[in-house]
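Remarks on the structure that follows.
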Amino acid sequence: MWLTNWDRLLNFAQRKFPKPGRYGPSLEGDAVQLVKLLRNESEMARIADELFKIDCAYEAAAAPLLEKLKKASKDRSDAEARLLDTIKC
2 MWLTNWDRLL NFAQRKFPKP GRYGPSLEGD AVQLVKLLRN ESEMARIADE LFKIDCAYEA
62 AAAPLLEKLK KASKDRSDAE ARLLDTIKC
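Sequential numbering of the sequence shown, starting at 2, is according to this note's numbering.
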């Protein structure tokens, strides 16, 4: 999942400022304030890149677990279908 720098900053702001509206009327206001706190655009890009790496790491770690969940769900469905077939006989 690709996130824009703005999306990453919103996510970062949400973690940094858990209560929306701390610096403005909304989470977006908090993100704007966070951007103002940053020294320059390269600093924003560096943080966004770090957040992207974290997002990728979570996605990479979650992929095998999601596959196991899909397989378990399919196995359960297959078992339920076999049980229903057995009951019908």
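Even glycine gets a Cβ: it sits at the ideal position worked out from N, Cα and C.
**Message:** Determine whether the beta carbon atoms of Ala49 and Arg9 lie at a separation below 8 Å.
**Reply:** yes
**Request:** Compute the Euclidean distance between the alpha carbons of Asp86 and Asp76, then round it to the nearest angstrom.
**Result:** 15 Å
**Inter-residue CB distance, Phe13 and Leu67 (contact presumed, cutoff 8 Å)** = In fact, because the Cβ distance is near 25 Å, the residues do not count as touching under 8 Å.
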